[in-house]
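Protein chains in written order, with our numbering: chain W, 605 to 1145; chain U, 89 to 566.
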């Protein structure tokens, strides 16, 4: 049924595209850009809807759809529970560009609409897993076939002589605070003085709300759609109900300087509605909820990037959690262009977890981890590239009892007896090596990695390649050997050999059908198979 | 309990290894066969822009002029390379934006050429007093890269005494400069009307000469000092860094008239999911140069791209649409470039080493938790599938007081995310809740009491999970 709906949408999308295309006046000339056809020297230009947008035209429009079907099995580490996964993930996107039909004027305002819907179903999921009448099987938050709006916004640029830009609708924000999504509006003022100002406000995208996923809310709180749970409030009290989350944010960004870019960004999100604070509603304690508008996150971040073409570049940034009062992330990367073909780099990362304001884990003792990497990237020719890095990570642990005894570590009086490591540094080593050889529209690549730590190792190498024959037949292959050693559970040590073979056919530009078969062999899984079918369709004018 | 599947006997293992070896050989053979095809990029499938009028269909030798020898015996050394002796072209004569040890423009944008004509630009400009437009007449009015901007061979006839009017029967000139091999490299006596094919493939670019000429942008501003060179090669094609002199990035009010969005110059229509630009061509793949926001797409860029995206996502958006990022960052289809092999069985080891990397694509309390609960790998999942065995080390080592080496407290403080990917808050509150709610084992760090007042005021919800609202311990934070 859902599939039928999907295909109906696709057909409706095609009809929409046809109406969009017909919005262009008959006989209109392709005047913009340098690809205007010169009949004396070029083959005939596409004259109707094709997969190849050859020119920059007013009212460019496109309908795109990506579908992936996956068939494989998952089993628990004990091997007792097996889930058959039959996943279908398909998206349907619509975009209309240059709504103002003034593509000839580089300073003219532009208006664009873009939207994409996604259907992500797991037909391997059991109906009992979503039934509140089967608490022994219910997995709160699990949904067998949710539909979400990935994005859908109207975007304007260069209004008022280039000063004003805006976005209205569901949109993403990517900056030093991470990858985030909200429903609302964003306004950007770009001044002629190398600075741009941005403000936005709306509602954070939250799982459990219609057409939404939980990907973009802060971690640390188990939250989702509790509709239907009213009949038994004691059912999974830790599973919190979703409610709207007002969000505001602002950013100041440099603009127009090619070699230097910086962005300082601020974001605040509120939790609203009721939240269950009783974890044990067993008759002894009553079911208690806290209701009120409260902070979900308040963070500030900064990122800067500078580069000098003949010398090198630097990137750095941080994210500070104003609610937890802790630095969540700091990074810095320095690249030195040692020669025209060789780049040497030093990378540094600091990370300390922080969570949603509703989460108790913000107040658990969490120590930072620090990463230091030395990297080299070498391009001996235009076809060959090699990159390698050595890295070290230092986890931090507590080495002595807390000095502040106002909050006793162990109320049973045993804290003096606790063991503490002599060093606060818990080191880990690693390396990675990657190479690529390009052959026209194909490539051969290799990627190896090693992570070594007292609690476990992972070492392995993949070799892969892709080749397009006669511009439409696509061949892909991948093979590799990986070994992992879980030192906390010796029975989980294994060496895996696997290969992937794929063959596809490009129906037209940006549209392809591809079949992909993966086979892995290791002592834990035995033989493991995964089959995938891909279908990508893009219709553009 | 280990599944019976693990208990593979040695003989079977050996047999499996043998089969494995054969499989490796077959796969590598197949890869080799697929990739052993032509390693040279094929010529542009469209008719080469500059070849049609230069290389007529082969004709029998008799079709050529028979009354004069079509070759000269003069030593023809000039015009075979940019500078005599194929010396390196100084940076000052290369197009703006070129580097000291320049490797030429991108092969993806300007595919390799096959120049079979001898030509001395310097001689024609300095000695013959010709201007660029004398020969490249179409350059000032061209609106497309598909336009042929090389002179028609008949243009040469006026000085060289040749007659190219009928390309099927070209007449050589009387003096040496009119002989076929004077210009056509490799021409031999007896070749008649046949000359080597000349190929300048159409650039994979959007370019309008007329618009630039109308803004008084002269030839040298894009092509460098061609008048100082003999043969002009691909190296004189514009460099992107030079274009940035006017086409500043980003596209904003602060900039001049030159439009700066990528599709101003690059061809729209990505070949891959979520691509804005066409980046893959028979002659190569177009990637950002390292000087451009330090965003070189080296083979390990997948591990370092966060530095670029965190700083300026609009920069990424010039080439990539949202769905390109979501392809990995929304965790729906496992990308093998990040999660290789049998990652389902391997991921626990990596997660313990660096769970914070997982969170860049997966939300622990939904993506990880949901799957762990479905498989029974969790403490608070549905009873019907809850794991019978124990995931962690024995209780005496893992959770009993006092702490010993390997105690979960150390694991939690060094990588708290690893806990959050399996456990719900109830699991922790059992012991870490305040007295009356849990066991009363304090999870807070030292000095916590000093800063908790603000947190309690702004969001008391997490406090009430572990402490009764009226608990005396909460008063220290009020």
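C-beta atoms are modelled at their ideal positions from N, C-alpha and C, and glycine is treated no differently.
Under the three-state reduction of DSSP, which class applies to residue i: helix, strand or coil?
i, result
"residue 249 of chain U", "coil"
"residue 579 of chain U", "In the structure as shown, chain U starts at 89 and stops at 566, and residue 579 of chain U therefore has no counterpart that could be examined."
"residue 501 of chain U", "helix"
"residue 754 of chain W", "strand"
"residue 164 of chain U", "coil"
"residue 830 of chain W", "coil"
"residue 944 of chain W", "coil"
"residue 856 of chain W", "strand"
"residue 781 of chain W", "coil"
"residue 126 of chain U", "Bear in mind that a pLDDT of 40 at residue 126 of chain U, under 50, signals an unreliable position, so the number given afterwards is only what the model happens to contain. Coil, per DSSP."
"residue 558 of chain U", "coil"
"residue 390 of chain U", "helix"
"residue 379 of chain U", "coil"
"residue 447 of chain U", "coil"
"residue 552 of chain U", "helix"
"residue 630 of chain W", "Bear in mind that the predicted position of residue 630 of chain W carries a pLDDT of just 32, short of 50, making it unreliable; the figure below should be weighed with that in mind. Looking at residue 630 of chain W - three-state DSSP - the assignment turns out to be coil, as it is neither helix nor strand."
Listing by chain order, which chain U residues have their CB less than 7 angstroms from the CB of residue i?
i, result
"residue 917 of chain W", "382"
"residue 1033 of chain W", "Residues of chain U passing the Cβ test: none, with the nearest at roughly 10 angstroms."
"residue 733 of chain W", "462"
"residue 802 of chain W", "Near residue 802 of chain W there are no residues of chain U at all, since even the closest Cβ is about 10 angstroms away, more than 7 angstroms."
"residue 899 of chain W", "546, 547"
What in chain W is Cβ-close to residue i, meaning under 7 angstroms?
i, result
"residue 309 of chain U", "The contacting residues do not exist; residue 309 of chain U stays about 17 angstroms from chain W at best."
"residue 398 of chain U", "779, 780, 907, 921"
"residue 418 of chain U", "819"
"residue 429 of chain U", "1064, 1084, 1086, 1100, 1102, 1124"
Could you work out which residues of chain W lie near residue i, taking near to mean beta carbons separated by less than 8 angstroms?
i, result
"residue 516 of chain U", "964, 965, 968"
"residue 414 of chain U", "754"
By the 10 Å Cβ neighbour count, where 16 or more other Cβ atoms means buried, how is residue i classified, buried or exposed?
i, result
"residue 686 of chain W", "exposed"
"residue 711 of chain W", "exposed"
"residue 1055 of chain W", "buried"
"residue 175 of chain U", "exposed"
"residue 221 of chain U", "exposed"
"residue 764 of chain W", "exposed"
"residue 688 of chain W", "exposed"
"residue 703 of chain W", "buried"
"residue 1024 of chain W", "exposed"
"residue 851 of chain W", "buried"
"residue 953 of chain W", "buried"
"residue 1029 of chain W", "exposed"
"residue 452 of chain U", "buried"
"residue 138 of chain U", "Confidence in residue 138 of chain U is poor, its pLDDT being 44 and thus under 50, which makes the residue's placement too unreliable to answer from."
"residue 550 of chain U", "buried"
"residue 1109 of chain W", "exposed"
"residue 814 of chain W", "exposed"
"residue 557 of chain U", "exposed"
"residue 735 of chain W", "exposed"
Residues of chain U with CB closer than 9 angstroms to the CB of residue i, please, in chain order.
i, result
"residue 810 of chain W", "Here the premise fails: no neighbours, minimum Cβ distance about 10 angstroms."
"residue 665 of chain W", "Near residue 665 of chain W there are no residues of chain U at all, since even the closest Cβ is about 12 angstroms away, more than 9 angstroms."
"residue 687 of chain W", "459, 462, 463"
Show which residues of chain U have a CB atom less than 8 angstroms away from the CB atom of residue i.
i, result
"residue 742 of chain W", "470"
"residue 697 of chain W", "411"
"residue 872 of chain W", "Per Cβ cutoff of 8 angstroms: no residues; residue 872 of chain W is ~10 angstroms from chain U at best."
Please list the residues of the stretch 818-844 of chain W that have a C-beta atom closer than 9 angstroms to any C-beta atom in chain U, keeping them in chain order. Residues of the stretch 818-844 of chain W with a C-beta atom less than 9 angstroms from some C-beta of chain U are 818, 819, 820, 821, 822, 823, 824, 825, 826, 827, 828, 840, 841, 842, 843, listed in chain order.
Contact set between the stretch 529-555 of chain U and chain W, restricted to residues whose Cβ is under 9 angstroms from the partner: Per Cβ criterion, the list reads 529, 530, 531, 532, 533, 534, 535, 536, 537, 538, 539, 540, 542, 543, 546, 547, 548, 549, 550, 551, 552, 553, 554.
Secondary structure, alpha helix (DSSP H): runs of 4+ residues fully inside the stretch 858-918 of chain W: Listed in chain order, there is nothing to give.
Check distances from the C-beta atoms of the stretch 270-296 of chain U to those of chain W and list, in chain order, the residues that come in under 9 angstroms. Here the close residues are 290, 293, 294, 295, 296.
Residues within the stretch 443-462 of chain U neighbouring chain W, beta-carbon criterion of under 7 angstroms: Against chain W - using a Cβ distance shorter than 7 angstroms - the residues of the stretch 443-462 of chain U are 444, 447, 451, 452, 453, 454, 457, 458, 461, 462.
Which residues, taken in chain order from the stretch 755-769 of chain W, show a beta carbon closer than 8 angstroms to some beta carbon of chain U? Here the close residues are 755, 761, 762, 765, 766, 767.
Residues of the stretch 841-869 of chain W in Cβ contact with chain U at a cutoff of 7 angstroms, in chain order, please. Answer set for the stretch 841-869 of chain W: 842, 859, 860, 862, 865, 867.
So if I threshold CB-CB distances at 7 angstroms, which residues from the stretch 1056-1087 of chain W count as touching chain U? 1057, 1059, 1060, 1062, 1064, 1066, 1069, 1071, 1079, 1081, 1082, 1083, 1084, 1086: these are the residues of the stretch 1056-1087 of chain W whose beta carbon lies less than 7 angstroms from some beta carbon of chain U, given in chain order.
Closer than 7 angstroms, Cβ to any Cβ of chain W: which residues of the stretch 169-190 of chain U, in chain order? Sequence-ordered contacts of the stretch 169-190 of chain U with chain W read 187, 189 [C-beta pairs closer than 7 angstroms].
Quick one: complete beta strand (DSSP E) runs, 3+ long, within the stretch 1041-1124 of chain W? Counting only runs of 3 or more, we get 1046-1057, 1060-1073, 1077-1090, 1098-1112.
Hey, which unbroken runs of the alpha helix (DSSP H) at 4 residues or more fall wholly within the stretch 691-736 of chain W? The qualifying runs do not exist here; there are none.
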